[in-house]
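Going by full-length UniProt numbering, the sequence shown opens with residue 1, and the numbers climb by one from there.
Encoded as structure tokens, the structure appears first; notes follow it.
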Amino acid sequence: MKRIISIFLQNLFPLFFLVALATQAQDTIPAPIIVDSVYLDSTAVDTIVIRRTLDKIYSPKKDVNLQIPNIDFKKTKTLQKGFQRFRVPSFWETENSFGINISEVAFVNWNAGGDNAVSGLGFLKFARKYKFNNFQWENNLELRYGLNAQEGRKLRKTEDVIRLSSNLGFKKDNTSRWFYSVQLNFNTQFSNGYKYPDRDTPISRFMAPGYLLFGAGTSFITKDEKFNLYLSPLTQKSTFVLDQDLADNGSFGVQEAVLDADGNVITPGENHLLEIGILITNNFNYTLADNIELKSRVNLYTDYIKSFGNIDVDWELNLHMKVNKYISTSLGTQLIYDDDILFDVVKNDNGTIVDPGTPKIQFKQVLGVGILYGF
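Here it is, written out as structure tokens:
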């Protein structure tokens, strides 16, 4: 009896196991759906895959010092310049400079003789340059005036210059150094000029003469802008003589006045002379040594109609030696030849010009030590 019961239980256990599997399958597999007498069977299986990668951790090299660094402020320096606020970049480059050169000679019981003298020269320079892409516009204004005071005589003028120049240029591409240019130059002086010791009859005044040159051509400018050559085949030169006495005398090439037999003016002299010709201008800067710079400026002009081939020359050569930030020494020369400026004019008692005179080479040399300040 016991044996029969044992065999029955052994056969009953697998049966229960199959029933449990059937019940579990019934919970996970949805029942069939009947739609319009069509049997559909669907089985949904969701699979989620999670992968994780870990970067390999490298151990630091043996020679790396992981200790806390020592901070030492003994070798640090303060700012040489104060904090500067941010400014929007500009296409303009500016230069402003002011200087005074003074020379003095004094004698006390000096056996060789001599007169005490003091000379002073002041100058101002303003430069504005605009550069954008292939377009540039350069402007320069120079003002110079000098006086000499010597014991036993009145003040005498040693320097008197007003010079304005403007050059407008455009080039086709960035690699080219040639520009299509339009240039304007203007020169005159501040006060009366005399042939000392005569102080009664001025030989020049403000805008007598005054020179205006305006023309178009081409310019060659090096990359460092230390060499500038301007060639203009068509330039207008205007000579102004606004003092009527000088204009009546025909000074600086203008048409002189027409006089009667007694020296009275019938037709006043002209105040303006117009010429058309060729202009060549060259500006050259060369650094000879530290704080020593050589500057050269040359203007060559010839007129097409009146005297073609007769060249007017204006050459200025200056050597600047900078001692420090504020003290400088300059040695300058200037050579001028203009056939419209005549010397040794001879007049008779009635004021009629007997000999109009001849043009001569004009030369000037200046040496000065003084203060130079840029602002």
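Virtual Cβ for every residue (Gly too), placed ideally from N, Cα, C.
Worksheet item: Is it true that the CB of G193 sits closer than 8 Å to the CB of K157?
Response: Within the sequence shown, numbered from 1, the residue matching residue 157 stands at position 157. Within the sequence shown, numbered from 1, the residue matching residue 193 stands at position 193. Yes, the Cβ-Cβ distance between K157 and G193 is below 8 Å.
Fill in: Whole-angstrom C-beta distance between N139 and residue 380, which should lie under 8 Å
Residue 380 lies beyond the range of the chain shown here (1 to 375); nothing can be said about it.
Practice prompt. Excluding the 5 residues preceding and the 5 following E95 in the sequence, name in chain order all residues of the same chain whose CB lies nearer than 6 Å to its CB.
Written response: In the sequence shown, counting from the first residue as 1, residue 95 sits at position 95. So the list reads A127, once near-sequence residues are dropped.
Worksheet entry | Segment contact flag, the stretch 245–265 with the stretch 288–301, C-beta cutoff 8 Å, min 3 pairs | no
Discussion item. Short of 7 Å in beta carbon distance, which residues of its chain neighbour T267, apart from the five on each side in sequence? Order them along the chain.
Written reply: For the purposes of this step, residue 267 is taken as residue 267 along the sequence shown, with counting starting at 1. Hits under 7 Å: A257, V258.
Item to complete: Measure the beta-carbon distance from residue 379 to M321 and round it to whole angstroms, keeping in mind my assumption that it falls under 8 Å.
Response: Nothing in the structure corresponds to residue 379, since the chain is present only between 1 and 375.
Practice prompt. With a 10 Å radius around its C-beta and 16 neighbouring C-beta atoms as the bar for buried, classify D173 as buried or exposed.
Written response: Residue mapping note: residue 173 aligns to position 173 of the sequence shown, counting from 1. Its Cβ having fewer than 16 others within 10 Å, D173 is exposed.
Worksheet item: Can you tell me where the beta strand (DSSP E) with L242 in it begins and where it stops?
Response: Here residue 242 refers to the residue found at position 242 of the sequence shown. It is not in any beta strand (DSSP E) - L242 carries neither H nor E in the DSSP assignment.
Practice prompt. Determine the DSSP secondary structure at D314, reduced to helix, strand or coil.
Written response: As a position in the sequence shown, residue 314 is number 314, starting the count at 1. Correct three-state label for D314: strand.
Worksheet entry | According to DSSP, residues forming a beta bridge with A208 | On the sequence shown, position 208 is the one that residue 208 refers to. R205.
Item to complete: List the endpoints of the continuous beta strand (DSSP E) containing D200.
Response: For this step, residue 200 is matched to residue 200 along the sequence shown. Element bounds for D200: n/a, residue is neither H nor E.
Fill in: Beta-carbon proximity of Y145 to W92, cut-off 8 Å
Here residue 145 corresponds to residue number 145 of the sequence shown, with the count starting at 1. Here residue 92 corresponds to residue number 92 of the sequence shown, with the count starting at 1. Taking 8 Å as the Cβ cut-off, Y145 and W92 do not qualify as a contacting pair.
Practice prompt. Can you grab the Cα-Cα spacing for the pair V108 / G114, in whole Å?
Written response: As a working mapping, residue 108 is identified with position 108 in the sequence shown. As a working mapping, residue 114 is identified with position 114 in the sequence shown. Cα to Cα, V108 sits roughly 10 Å from G114.
Fill in: As assigned by DSSP and simplified to three states, the class of A289
Position 289 of the sequence shown, counting from 1, holds the residue named residue 289. Reduced to three states, the DSSP call for A289 is strand.
Practice prompt. Mind checking who T180 pairs with in its DSSP beta bridge?
Written response: Reading the sequence shown from its first residue, position 180 is the one you call residue 180. Inspection of the sequence shows that residue 180 is occupied by Tyr rather than by Thr. In DSSP, Y180 forms a bridge with F170, T218.
Worksheet item: Looking at C-alpha atoms only, which residue of E293, I221, G277, N271 is the closest neighbour of L319?
Response: If you number the sequence shown from 1, residue 319 lands on position 319. It is E293.
Worksheet item: Which same chain residues, not among the five before or five after residue 376, have their C-beta less than 6 Å away from its C-beta?
Response: Residue 376 lies beyond the stretch modelled for the chain, which goes from 1 to 375, so this question has no answer here.
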